[in-house]
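Participant: Here it is, the structure in full.
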Amino acid sequence: MNAIPQLFFDAMSLGGIYAMAALGIALIFGVMNLVNFAHGEYIAFCVFALIVPSTDAVAVMFIGKAPAILLIPMLLSIGALVAVASEFFVFRHMRNSTPVAMMISSFALGFVIQNTLLLVYSSRPKAVSLWPELNKPVSIVGASIPLLQIIVIVTTLIVVVALALLLKRTRIGLEMRAAAENFTMARLLGVRANVVITGAFALSGALAAAVALIMVTQTGVADVRMGGQIMLVAFIATVIGGLGSLPGAVAAGFLIGAASVILQGFLPLEARPFRDAFLYTLVIAVLLLKPDGLFAPRSSKPRV
Amino acid sequence: MKHFITATLLMGLATPVFADDITIGFAIAKSGWVEAYDAPAVAAARIRIDEINAAGGLMGKQLKWIEADTKSDQAQSASAGLQMVDDGADMLIVSCDYDFGAPAALAAESAGLNSFFLCAEDIKAGIQGVGPNSFSASILAAVQGATMAEWAVKEREAMTGYVLLDTTIEYNKGICTGYDWMFPKAGGEIVGRDTFLNGDASIASQITRIKSLDKEPDVIMLCSYIPGAASAVRQIRAAGINSTILNGSAVDGSYWLDAAPDLSNFIVPVQGSIYGDDTRPAVNEFRDAFEAATGAGPSSTYAYPGYLLIDLWAKAVERAGTVEASAVTAELEKMSNEPTAFGPRSFSSEIHHQNTAEMQIIEITNGKPAVTGSFTISEPVPLAVLLK
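Those sequence lines, one after another, are chains S and X. Under full-length UniProt numbering, think of the first position of the first sequence as 1, with each following residue one higher. Under full-length UniProt numbering, think of the first position of the second sequence as 1, with each following residue one higher.
Structure follows, in structure tokens:
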């Protein structure tokens, strides 16, 4: 077994998940200065959408039964729909509120989604066997890695490239970038605020669904609290990346994934249970050195 | 005269209201995420209460129960405990988990009442963490780990073991402590160890470490709980590692088996089988009674301690002739290999738990769980190991 490629693939695949989740958060922060803490619950919601609503201990597949070609677009739309609905019912009414008020309401929204799931599906974790064959290992340059890891890495790269193209080459992308730079000015210049914000939420929700699909294929379980941990890491990635910077969020997502895998691989056994403490110490160190994040967009700095 | 009236009033307040019933207070989670773990054990406890009432009650009195919701919240657990004490409970039954049950158990302790955890498996859920009148009806996590270690060496001739510890909760550490104590003692060698967290999105680097061993270990002791355990097993098996996987009771139940398709060589120690194939007919009878009473069989072995705790407490009350805590505690502490449907149970003035017990060994083969036998460790886990 070749250690370096193995480490590289382990790091890239974990980083890929984090990057995708971070992108979903950064997108929304970019257009409306909202740190959407309900993002983790979007992920859990999408996972539970795969199974029949019931409080029974044994889960029965619902839309999870559909073939991949139908299932993937269906789940991405569900994710987009949930995010757009939360914008329409909650955040739209808070456009003029302070970022803190919006953040608190995103927490509240997260609680509502989580408790709804709890009520409908009960608190017991459920087994969801989606595409188990994707976990079979394949050999690449001396490393033995599950097919899913390659899919995660490739998908993340595709999503990042597609998003970059969308932002650079399309009208809505241009409007989103303008909105991210300076929302008020963009509106004054004729950017359609509702379209931009709804678009950002839809994309963010679809990214949450993509993370949900990867998580459930990898772990095989659905748990109402499963979005929490990933949301935390993703949020930290957006902060390290420089709030509002999309490439920054992706890069920081990969960075945190890599740091986590390297710590797990090289820390001595006694220190390994404190892996996350070391990880977050690194985060603090980064923020002390670069308080605006590693890739802070120019717009985040005062101009005068 | 004034003093006389005051004294009479005070006496009136201090004397308990004459009651013909004995009241059992449940301070348990009826909502929130702990509810799924408390509810089956509570249902089992009520079956035993109904049985006792049908047979004429306890010391000729009927048992009645009252309950308060902890809402799966530690602060609410304390107030639920106080509410039960105020409502006149004679003993308290508290949430399964130590963290969620302890605040209510402490309320019982300070009111001078007995408390029983529904299924806590940490030594703290008793004298060490709550006080002298607190008990748990389940089997200590360390005993589960030690049972796996000795069983694997004696029954499966396992020579090499790997330890994969989920450091999220104390229960997991308890299982691994028991395993670490027993496995080398029984003749096995621990060839490596690693840690992970229950919510980890991937355990790829842990798997890489196992795969880089010279030889696949005979057994992997997985100290974790669902969902993290299910996700770890799915990833371990997918990576082509076929070692026998040993576990604690927390992964019992077939509801999560879809997460690891066609799972084999997977061992779970439990206090009673939920599949109707327990080696003791009394357990199977109770399993059927549970199904008849609740409409479905128990989803994991953690329903059983609910039944057991009422059974043991009622016996102690009968012998003490009172529900007064110190007298009942003294009777419970006298129990040594007390026969029950789930095998013998003992308490002592040091340990209000089982530090050795007959456990059913469930093996999962091709995704089907079945009892493969029963096993008792050759020596009880010493207190020093339990307090590690």
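Think of the CB as a built atom: it goes at the ideal place given N, C-alpha and C, for glycine as much as any other residue. Remember, predicted model here, so these are calculated numbers, not experimental data.
Considering only the alpha carbon of each residue, which of X/THR23, X/ALA78, X/MET59 lies closest to X/ALA89?
Facilitator: Within the second sequence, residue 89 of chain X is the residue found at index 89, counting from 1. Answer by Cα proximity: X/THR23.
Participant: Give the residues of chain S in contact with X/GLY199, contact being defined as C-beta atoms less than 9 Å apart.
Facilitator: One-based indexing of the second sequence puts residue 199 of chain X at position 199. Result: ASP223, ARG225, MET226, GLY228, GLN229, ILE230.
Participant: Kindly indicate which three-state DSSP category X/THR372 falls into: helix, strand or coil?
Facilitator: Translated into positions along the second sequence, residue 372 of chain X becomes position 372. Three-state result, X/THR372: strand.
Participant: Is the shortest distance between the beta-carbon of X/LYS211 and the beta-carbons of chain S less than 9 Å?
Facilitator: Taking the second sequence and counting its residues from 1, one reaches residue 211 of chain X at position 211. Yes, its Cβ sits closer than 9 Å to a Cβ of chain S.
Participant: In the DSSP assignment, find the alpha helix (DSSP H) that holds S/MET226 and state where it starts and stops.
Facilitator: What you label residue 226 of chain S is simply residue 226 of the first sequence in a count that begins at 1. Run containing S/MET226: 226 to 241, per the alpha helix (DSSP H) assignment.
Participant: At which residues does the alpha helix (DSSP H) containing X/CYS119 begin and terminate?
Facilitator: Along the second sequence, one-based indexing puts residue 119 of chain X at 119. Run containing X/CYS119: none; DSSP gives neither H nor E here.
Participant: With distances taken from CA atoms, which of S/PHE254, S/GLY253, S/ASP276, S/ALA251 is nearest S/LEU263?
Facilitator: As a first step, residue 263 of chain S must be located in the first sequence, where it is residue number 263. The shortest C-alpha separation from S/LEU263 is found at S/ASP276.
Participant: What does the Cβ neighbour count give for X/ALA384, buried or exposed, with the cut at 16 atoms within 10 Å?
Facilitator: Taking the first residue of the second sequence as position 1, residue 384 of chain X is located at position 384. Per the 10 Å Cβ criterion, exposed.
Participant: Under 9 Å between C-beta atoms, does S/MET215 make it to chain B?
Facilitator: The chain inventory of the structure shown lacks chain B, comprising the protein chains S and X.
Participant: Please classify S/GLY191: does DSSP put it in a helix, a strand, or coil?
Facilitator: Here residue 191 of chain S is taken as the residue at index 191 of the first sequence, counted from 1. The identity of residue 191 of chain S in the sequence shown is Val, whereas the question assumes Gly. Coil, per DSSP.
Participant: Using only the alpha-carbon positions, how far apart do S/MET226 and S/PHE37 sit?
Facilitator: By one-based count along the first sequence, residue 226 of chain S stands at place 226. By one-based count along the first sequence, residue 37 of chain S stands at place 37. About 14 Å.
Participant: Using a Cβ cut-off of 9 Å (strictly closer), state whether X/ILE22 contacts chain S.
Facilitator: Numbered from 1 along the second sequence, position 22 holds the residue referred to as residue 22 of chain X. No, X/ILE22 lies away from the interface with chain S (no Cβ there is under 9 Å from its Cβ).
Participant: Closest by CA to X/TYR66, which one among X/ALA27, X/LYS173, X/PRO103?
Facilitator: Numbered from its first residue, the second sequence carries residue 66 of chain X at position 66. Here the sequence assigns Ile to residue 66 of chain X, which means Tyr is not the residue at that position. Residue X/ALA27 is the option with its Cα nearest to X/ILE66.
Participant: Could you tell me which chain X residues have their CB closer than 8 Å to the CB of S/ARG272, listed as they occur along the chain?
Facilitator: To locate residue 272 of chain S, count along the first sequence from 1; it is residue 272. Those are ASP194, THR195, listed as they occur along chain X.
Participant: In chain S, what lies closer than 8 Å to X/LEU263 by C-beta?
Facilitator: Translated into positions along the second sequence, residue 263 of chain X becomes position 263. Those within 8 Å of X/LEU263 in chain S number zero; the least Cβ separation is about 11 Å.
Participant: Anything in the region 239 to 266 of chain S with a Cβ closer than 7 Å to a Cβ of chain X? List those residues in chain order, please.
Facilitator: Of all residues in the region 239 to 266 of chain S, VAL261, GLN264, GLY265 have a Cβ within less than 7 Å of some Cβ in chain X.
Participant: Determine the direct distance from the alpha carbon of X/GLU331 to that of X/ARG319, and round the result to whole angstroms.
Facilitator: For the purposes of this step, residue 319 of chain X is taken as the residue at position 319 of the second sequence. For the purposes of this step, residue 331 of chain X is taken as the residue at position 331 of the second sequence. The alpha-carbon atoms of X/ARG319 and X/GLU331 are separated by roughly 7 Å.
Participant: Give the interface partners of S/SER122 over in chain X, defined as CB-CB distance under 7 Å, in chain order.
Facilitator: The sequence position of residue 122 of chain S within the first sequence is 122, counting from 1. Under the 7 Å cutoff, chain X gives ALA36.
Participant: Answer yes or no: does any C-beta atom of chain X fall closer than 9 Å to that of S/PHE9?
Facilitator: If you number the first sequence from 1, residue 9 of chain S lands on position 9. By the rule that beta-carbons nearer than 9 Å mark a contact, S/PHE9 touches chain X.
Participant: Name the chain S residues that come within less than 9 Å of X/ALA107, Cβ to Cβ?
Facilitator: Within the second sequence, residue 107 of chain X is the residue found at index 107, counting from 1. None at all; the shortest Cβ gap to chain S is about 24 Å.
Participant: Name, going along the chain, the residues of the region 8 to 37 of chain S whose beta-carbon falls closer than 7 Å to a beta-carbon of chain X.
Facilitator: ASP10, SER13, LEU14, ILE17
Participant: Sort out for me which residues DSSP pairs X/TYR162 with in a bridge.
Facilitator: Looking up residue 162 of chain X in the second sequence gives position 162. Partner(s): X/GLY192, X/ILE220.
Participant: Looking at X/GLY188: is its Cβ nearer than 9 Å to the Cβ of X/SER264?
Facilitator: On the second sequence, position 188 is the one that residue 188 of chain X refers to. On the second sequence, position 264 is the one that residue 264 of chain X refers to. No, these two residues do not count as a Cβ contact at 9 Å.
Participant: Does the beta carbon of S/LEU269 sit closer than 9 Å to a beta carbon anywhere in chain X?
Facilitator: For the purposes of this step, residue 269 of chain S is identified with residue 269 of the first sequence, where counting begins at 1. So, interface residue.
Participant: When the distance is taken between beta carbons, is X/LEU246 closer than 9 Å to X/ALA152?
Facilitator: Here the question's residue 152 of chain X lines up with position 152 in the second sequence. Here the question's residue 246 of chain X lines up with position 246 in the second sequence. Taking 9 Å as the Cβ cut-off, X/ALA152 and X/LEU246 qualify as a contacting pair.
Participant: List in chain order: all unbroken alpha helix (DSSP H) runs of 4+ residues lying wholly within the region 147 to 207 of chain S.
Facilitator: 147 to 169, 171 to 181, 183 to 188
Participant: Which residues in chain S sit within 9 Å of X/GLN206, going by Cβ to Cβ distance?
Facilitator: Position 206 of the second sequence, counted from the start, is the residue given in the question as residue 206 of chain X. Those are GLN264, listed as they occur along chain S.
Participant: Tell me which residues of the region 96 to 116 of chain S have at least one Cβ-Cβ distance to chain X shorter than 7 Å, keeping chain order.
Facilitator: none
Participant: When you compare only the Cα positions, how much space is there between S/ALA285 and S/GLY242?
Facilitator: Residue mapping note: residue 285 of chain S aligns to position 285 of the first sequence, counting from 1. Residue mapping note: residue 242 of chain S aligns to position 242 of the first sequence, counting from 1. Cα to Cα, S/ALA285 sits roughly 15 Å from S/GLY242.
Participant: With DSSP as the reference, label X/ASP252 as helix, strand or coil.
Facilitator: Within the second sequence, the letter at position 252 stands for residue 252 of chain X. In this structure, DSSP gives X/ASP252 a state outside helix and strand, which the three-state scheme calls coil.
Participant: Since X/TRP313 meets chain S, which of its residues come closer than 9 Å, beta carbon to beta carbon?
Facilitator: Along the second sequence, read from residue 1 onward, the residue named residue 313 of chain X stands at position 313. Those within 9 Å of X/TRP313 in chain S number zero; the least Cβ separation is about 27 Å.
Participant: Short of 7 Å in beta carbon distance, which residues of its chain neighbour X/THR8, apart from the five on each side in sequence? Order them along the chain.
Facilitator: By 1-based counting over the second sequence, the position of residue 8 of chain X is 8. Note that X/THR8 scores 49 on pLDDT, short of 50, meaning its location in the model is unreliable and no value can be drawn from it.
Participant: Nearest CA to the CA of S/LEU269: which residue from X/ALA125, X/ASP50, X/VAL317, X/PHE196?
Facilitator: Indexing the first sequence from 1 puts residue 269 of chain S at position 269. Ranking X/ALA125, X/ASP50, X/VAL317, X/PHE196 by Cα distance to S/LEU269 puts X/PHE196 first.
Participant: Suppose you measure from the CA of S/ALA209 to the CA of S/CYS46; what does that come to, to the nearest Å?
Facilitator: Taking the first sequence and counting its residues from 1, the one referred to as residue 209 of chain S is at position 209. Taking the first sequence and counting its residues from 1, the one referred to as residue 46 of chain S is at position 46. Their Cα atoms are separated by approximately 6 Å.
Participant: What's the gap between the Cα of X/LEU165 and the Cα of X/CYS223?
Facilitator: Indexing the second sequence from 1 puts residue 165 of chain X at position 165. Indexing the second sequence from 1 puts residue 223 of chain X at position 223. So the alpha carbons of these two residues sit roughly 5 Å apart.
Participant: What residues match up with X/GLY25 in a beta bridge as DSSP calls it?
Facilitator: Here residue 25 of chain X refers to the residue found at position 25 of the second sequence. Beta-bridge pairing links X/GLY25 to X/ILE66, X/LEU92.
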